[in-house]
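Be aware that the sequence shown starts at -12, since it is given in this note's numbering, and climbs by one per residue.
Here is the structure we will look at, set down as structure tokens.
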Amino acid sequence: MWLFAFLSPLVVSLERAEADEQNCRDQTENGVAYRVCRFDPATRTIRIFNRNADGDVYGGFDALRSQLWQQRLILTFAVNGGMYHSDLSPVGLFVEYGSMRKPAETADGWGNFYLKPNGVFFIKDGHAGVLETGQFEAQKIEADFATQSGPMLVIDGVLHPKFLPTSDSLKIRNGVGIDASGQVVFALSKDPVRFYDMATFFRDRLGAANALYLDGTISSLAEPMAGRIDRAYPLGPIIAVVDQRPN
């Protein structure tokens, strides 16, 4: 009995790790390779991070992993979670543990974030969503976690109106969407891709009626069980899936 009690957390952890490997896979569409991962927010803990309790920016996956470990948590998956300023603070809305750290940015400006409509990825009561910023604000959603980025890739099944199928802007990109079953689906391109093609991939291949662009060149992924932890760029907001650490 004692041996079973000792091994149970480890067995659960190994089973979860194997499940995570199945949740993530490589897909190719129109010559562009992607790493695609899906997680059910009803059964997985998805959080969004930027600073620790002392106010210090994590700035990358390693610092976040270390902090989580001290809290008896394991980082099992993570991606960059939206646009940020030079001090790594979020450009737009940021909600953490139900507290709004930064309000939504609705002004006009330059760059991908301001290629409107932009949007919000959020977690609330075990459910996840992606909404255009105006819709999110109008619905007065009191999210547990939220991050604003832009542009939206897909809005209610329609591609962003400013995307061009012949655009010559090809970059590494990543985004997040919600599929028909309510699962959160992340996609990070391994090859340079235009917005139009990535949005089409989210809608037509991943089944996401709403999807949000997270970033371009700095797109980063932490998938420890697959041996990947990107460290090439400093990061602002980080979206992570965490699990309890075995005793």
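For each residue, glycine too, the CB sits at the ideal point set by N, CA and C.
The structure displayed is predicted, hence computed values, not measured ones.
Counting along the chain, residue 21 sits inside no alpha helix (DSSP H); it lies in the beta strand (DSSP E) bounded by residues 19 to 26.
Rounded to the nearest whole angstrom, the CA to CA distance from residue 171 to residue 228 is 11 Å. One thing to note: residue 149 has its Cβ no nearer than 8 Å to the Cβ of residue 204. For the pair residue 223 and residue 77, the CB atoms are nearer than the 8 Å cut-off. For residue 44 and residue 37, the gap between their C-alpha atoms comes out near 6 Å.
Within the same chain, Cβ atoms closer than 7 Å to the Cβ of residue 12 are found at 23, the five residues on either side in sequence being excluded. In summary, residue 207 is buried, with 16 or more beta-carbon neighbours lying within 10 Å of its beta-carbon over all protein chains present. Under DSSP, the beta-bridge partners assigned to residue 161 are 175 and 202. By the neighbour-count criterion, in which a residue is buried when 16 or more other Cβ atoms sit within 10 angstroms of its Cβ, residue 200 is buried. The alpha carbon of residue 41 has as its nearest neighbour, out of 54, 34 and 226, the alpha carbon of 54.
Between the region 106 to 113 and the region 136 to 148 there are three or more inter-stretch CB-CB distances shorter than 8 Å, so the stretches are counted as touching. The residue from 97, 131 and 125 with its alpha-carbon nearest to that of residue 113 is 131. Contact annotation, residue 166 with residue 146: C-beta distance approximately 17 Å; criterion of less than 8 Å not satisfied.
Counted as a single uninterrupted DSSP element, the alpha helix (DSSP H) harbouring residue 185 occupies residues 182 to 187. In the DSSP assignment, residue 65 falls within the unbroken beta strand (DSSP E) covering 60 to 67. In the structure shown, residue 211 falls within a helical segment according to DSSP collapsed to helix, strand and coil. By the beta-carbon neighbour count (other beta carbons within 10 angstroms, threshold 16), residue 47 is buried. The DSSP assignment places 81 to 83 and 86 to 89 as complete runs of the beta strand (DSSP E) inside the region 72 to 107, in order along the chain (cut-off: 3 residues).
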